[in-house]
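Novice: Before I ask anything, let me first share the structure, which is written out below as structure tokens.
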Amino acid sequence: PPQNKLAEFLRVRPPTFSSTTNPVEAGDWLHAIEKKLDLLQCTDQEKVSFASHQLHGPASEWWDHFRLNRTTAEPITWLEFTAAFRKTHIPSGVVSLKKKEFRSLTQGSRTVTEYLHEFNRLARYAPEDVRTDEERQERFLEGLNDELSYPLMTGDYHDFQKLVDKAIRQEDKYNRMEQKKRRIAH
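Counting from 10, one number per residue, gives the positions in the sequence shown under this note's numbering.
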């Protein structure tokens with residue numbers, strides 16, 4: 010019975026969503042909900058019912074309005090739900106800005122690990138730029154600081170994670186060399 014499935018869904022502690030001024034949070038909510046719905050192998054209808062159950066406040070009002078203004082009596086599909094949710098809570102203008110932000114992302118004063126987190130966070134707005142592991146490696150290398158990317162460019166890395174691991178070790182070695190230079194200079 011669907012009642013048990015809802016209880017099961019609520020047991021996995023799905024996040025709720027009411028409103029946000031940050032579209033990234035709306036995207037994160039949708040991603041988190043999708044993972045939990047897939048975990049429980051929900052049907053299309055259950056996905057819509059359970060996800061909409063997690064909407065509160067302004068988001069719940071949006072959902073009620075959306076349902077009332079549909080012209081068809083057909084059940085709302087998951088695809089329709091996610092498309093409508095994205096259109097309302099994750100405006101394409103913001104996605105476009107995040108894509109631009111990803112494309113101009115550089116390591117700057119961040120550590121390799123901090124750069125990696127930002128890289129992964131923004132990469133989902135430009136999936137077409139990182140379709141393959143090679144594209145992902147190339148884009149990551151492009152944004153790394155020169156003192157790290159230059160020596161790493163000569164290598165051939167089995168996968169993205171190998172490149173990241175090498176960059177972290179390279180950064181550590183570079184920092185130790187810089188400290189040594191400073192000690193000698195004083």
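A virtual CB, placed ideally from N, CA and C, is assigned to each residue, including glycine.
Values in this document were obtained by computation on a predicted structure and should not be read as measured data.
Considering L64, what are the terminal residues of the alpha helix (DSSP H) in which it resides?
Specialist: Note, L64: premise wrong, no alpha helix (DSSP H); not H, not E.
Novice: F90 bridges to which residues according to DSSP?
Specialist: Paired residues: none, contrary to the question.
Novice: Measure the C-alpha to C-alpha separation of R145 and Q179 and round it to an integer number of angstroms.
Specialist: So the two alpha carbons sit approximately 19 Å from each other.
Novice: What residues are listed by DSSP as bridge partners for F26?
Specialist: Note: F26 sits in a beta bridge opposite L64.
Novice: Name the residue from P32, S27 and K56 whose alpha carbon lies nearest to the alpha carbon of E17.
Specialist: That would be K56, whose Cα lies nearest to the Cα of E17.
Novice: Does DSSP classify P100 as helix, strand or coil?
Specialist: P100: coil per DSSP, three-state reduction.
Novice: On the three-state DSSP scale, how would you describe R119?
Specialist: Here R119 sits in coil by DSSP.
Novice: Taking the straight line between their C-alpha atoms, what separation do you get for L15 and D37?
Specialist: If you take the alpha carbons of L15 and D37, they lie about 21 Å apart.
Novice: Alpha helix (DSSP H) containing G152: first to last residue?
Specialist: Its alpha helix (DSSP H) spans residues D142 to G152.
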